[in-house]
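Presented below is the structure to which this report refers.
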DNA sequence: CTGTTAGCGCGTTCAT
DNA sequence: ATGAACGCGCTAACAG
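Protein chains in written order, with this note's numbering: chain A, 1 to 330; chain B, 1 to 330.
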């Protein structure tokens, strides 16, 4: 439209006018025409030519979980600042779907992937990594996979929670856990047990129950625990959904928190402070985790993070103390 | 690798072997090689050639809001069934960001867009539509824009809620609203007022307060309402966040729901049933909204929905009755 | 300071 | 039943 060649237009629109010493008059003409005709370059053609699409894949087990959607927001905003768009992929907590999604993203030639992996088995992820697409793992980590990760220090979070419960005079503390075997869960359980050992109590096996991070698990296990002859005085719930289940169970059984049973939960939520008994929670710095993961990914994409310079990061969570734990010493 | 030309491989991999009468032996060889070498076609090159990328854009004001992340999940899953991936875009509730995102998506040559628009002004959306990229609007609608939408029937939802409150004997019912001027809000307020008119009460202006869907708005307005000499007996909150704010205010003031004040809220949440006083809510069929929107979009992409065949859809929400409204007639 | 050429990987048309 | 040639829109290399 301007009479100039595509090359010249391309150079101007990519801010290389100066480098190629395009005349100011030409530059202005081209920029004006681009604005007038509302021209936006075809990113598909660009991606093909550059072998760089300026897109990243974000794979999560469940985007409807507020925990992951908060992370999604940070990742999207941070990525866009750099001109990147993100493909949202929900693995439905299913490992074969996750595998399929990784292949799909490879076919779409994403420049990198942020993955919150589903399970324990990481074979397909390490396999996948050989294709050369940078991956950063968040939330959980895959031991010995050599893939860089950013997570919370779940061990520390658990210790803070349980040591606080102990400091309030509790000794019979139950732990309702999630999916056994994954790093996130075992780190939390280890923190729970070590806190007890520290004051000379051996963690009783019968007090560690549950096998799923969902609400139903919390409900069922709470009913069982509270139905025992000698019931624990406190419950440590390893996820936001588990504690919802616990609260439903206690309400149904006519028990009050913290009068009849104390409760501390992993994962701060918008409603945590607003419950009948404002809940003491372990808050993870999810925005920080997301931000760091994105930065690590872009470093790797830029080539600044070659093989061998793997950096793993664990962020310390903090305990938000409210009034869901009864003080037995008072 | 197989010795066959790219053309033949392409035909086999796109299931056109039969059409081109490729021999069974060749087909098998190619499929085997593709599997062995873990070959996935370059979707970028494909998109360039076909002028169809099999991607759609999903633009929301805030992906961290569980309401939108639930919708995102359905859209992602439904799209993937058809081989499509979605670009997640967060407009940060900012209209100029929304505008910029639409241009970005156009540059990425998405085949269609699902948009939960930020505000009242829809000029940029109608402008954008002239580029020929199909758009479906959800959550809110843009009156007179001629763009097809799928939303809840907010008027009906409000009537159900308020008529229920009335049926429990309440007459002094306050309404804490969100962003004034958008269809979603005004429809709900209209439903509230009409319900009162129906029983011969003129809606009092002083009982309709608030200007934002956030938690802070609910908190402030609740404190003001409950601090009045003659306080209302019930509050109708027009969003999940507003009702969180109301609950925080009542807790701080030492008031009990429903004994001291009754409450009904828009938007069912996972915790709604688990609050100290399980909350009566208006539940929108968000999964259904998302599913219908996706289907409409794919119809349009497939060309089955030419100009003029615009179809707007409103889904009736349902009232989930729990125990946050006191029965004054008992 | 600007234009011409070539090629990214694919699917399609034409040719055989 | 299969291959060769072409072009989608872009940018980097080369040419002047």
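Cβ coordinates follow ideal geometry from the N, Cα and C atoms, glycine included.
Let me know the secondary structure DSSP gives residue i once reduced to three states.
i: residue 362 of chain B; result: The structure shown has nothing for residue 362 of chain B, since chain B only spans 1 to 330.
i: residue 83 of chain B; result: coil
i: residue 1 of chain A; result: coil
i: residue 333 of chain B; result: Nothing can be reported for residue 333 of chain B: it is not among the residues displayed for chain B, which extend from 1 to 330.
i: residue 283 of chain A; result: strand
i: residue 92 of chain B; result: coil
i: residue 247 of chain B; result: helix
i: residue 189 of chain B; result: helix
i: residue 64 of chain B; result: coil
i: residue 119 of chain B; result: coil
i: residue 330 of chain A; result: coil
i: residue 236 of chain B; result: strand
i: residue 302 of chain B; result: coil
i: residue 53 of chain A; result: coil
i: residue 255 of chain B; result: coil
i: residue 315 of chain A; result: strand
i: residue 308 of chain B; result: In this prediction, residue 308 of chain B scores a pLDDT of 47, lower than 50, which makes its location untrustworthy; the coordinate-derived value is nonetheless stated afterwards. Coil.
i: residue 174 of chain A; result: strand
i: residue 275 of chain B; result: coil
i: residue 10 of chain B; result: helix
i: residue 242 of chain A; result: helix
i: residue 263 of chain B; result: strand
Within its chain, find whatever has a CB closer than 7 Å to the CB of residue i; leave out the 5 residues flanking it on each side and keep chain order.
i: residue 109 of chain A; result: 47 and 53
i: residue 239 of chain A; result: 178, 213, 266 and 267
i: residue 241 of chain B; result: 213, 214, 215 and 218
i: residue 297 of chain A; result: 56, 112, 114, 134 and 136
i: residue 374 of chain B; result: Residue 374 of chain B falls outside the range modelled here, since chain B spans only 1 to 330, and no answer is possible.
i: residue 190 of chain A; result: 155
Please report how far the alpha carbon of residue i lies from the alpha carbon of residue j, in whole angstroms.
i: residue 139 of chain A; j: residue 229 of chain B; result: 51 Å
i: residue 206 of chain B; j: residue 325 of chain A; result: 41 Å
i: residue 251 of chain B; j: residue 195 of chain B; result: 29 Å
i: residue 24 of chain B; j: residue 36 of chain B; result: 18 Å
i: residue 308 of chain B; j: residue 32 of chain A; result: Residue confidence is low: residue 308 of chain B scores 47 on pLDDT, short of 50, so the model does not pin down where it sits. No coordinate-derived value is stated.
i: residue 91 of chain B; j: residue 299 of chain A; result: 26 Å
i: residue 221 of chain B; j: residue 227 of chain A; result: 42 Å
i: residue 105 of chain A; j: residue 165 of chain A; result: 45 Å
i: residue 289 of chain B; j: residue 272 of chain B; result: 21 Å
i: residue 124 of chain B; j: residue 40 of chain A; result: 16 Å
i: residue 244 of chain B; j: residue 261 of chain B; result: 14 Å
i: residue 2 of chain A; j: residue 13 of chain A; result: 13 Å
i: residue 276 of chain B; j: residue 88 of chain B; result: 36 Å
i: residue 66 of chain A; j: residue 131 of chain B; result: 35 Å
i: residue 143 of chain B; j: residue 236 of chain B; result: 25 Å
i: residue 74 of chain A; j: residue 284 of chain A; result: 14 Å
i: residue 63 of chain A; j: residue 5 of chain A; result: 46 Å
i: residue 50 of chain B; j: residue 286 of chain A; result: 40 Å
i: residue 329 of chain A; j: residue 303 of chain A; result: 57 Å
i: residue 312 of chain B; j: residue 291 of chain B; result: 14 Å
Quick one: what's got a C-beta closer than 8 Å to residue i's C-beta in the same chain, skipping five residues either side?
i: residue 116 of chain A; result: 59, 60, 61, 68, 71, 137, 138, 139 and 140
i: residue 224 of chain A; result: 209
i: residue 327 of chain A; result: 168 and 169
i: residue 182 of chain B; result: 119, 120 and 140
i: residue 163 of chain B; result: 195 and 198
Residues in the same chain with beta-carbon distance under 6 Å from residue i, minus the five sequence neighbours each way, listed in chain order, please.
i: residue 128 of chain B; result: 102
i: residue 118 of chain A; result: 61, 91, 93, 95 and 98
i: residue 321 of chain A; result: 280
i: residue 248 of chain A; result: 219
i: residue 293 of chain A; result: 114, 136, 138 and 150
i: residue 203 of chain B; result: 193 and 196
i: residue 107 of chain A; result: none
Taking only heavy atoms of the ligand SAH into account, decide whether any of them is closer than 8 Å to the Cβ of residue i.
i: residue 25 of chain A; result: As presented, the structure is devoid of all ligands, the ligand SAH included, so that no description of it is given.
Do the stretch 206-216 of chain A and the stretch 144-159 of chain A touch if we need at least three Cβ pairs shorter than 8 Å?
As far as the Cβ criterion goes, the stretch 206-216 of chain A does not touch the stretch 144-159 of chain A, which means the pair count is below three.
At least three beta-carbon pairs within less than 8 Å, the stretch 78-87 of chain A to the stretch 49-67 of chain A:
Look at the beta carbons and you see the stretch 78-87 of chain A touching the stretch 49-67 of chain A: at least three pairs across the two are nearer than 8 Å.
At least 3 beta-carbon pairs within less than 8 Å: the stretch 165-180 of chain A vs the stretch 2-19 of chain B:
Result no; under three Cβ-Cβ pairs closer than 8 Å.
If you scan the stretch 105-154 of chain B from start to end, which runs of the beta strand (DSSP E) of 3 or more residues do you find wholly inside it?
Listed in chain order, the beta strand (DSSP E) runs fully inside the stretch 105-154 of chain B are 112-115, 135-138 and 149-152, counting runs of at least 3 residues.
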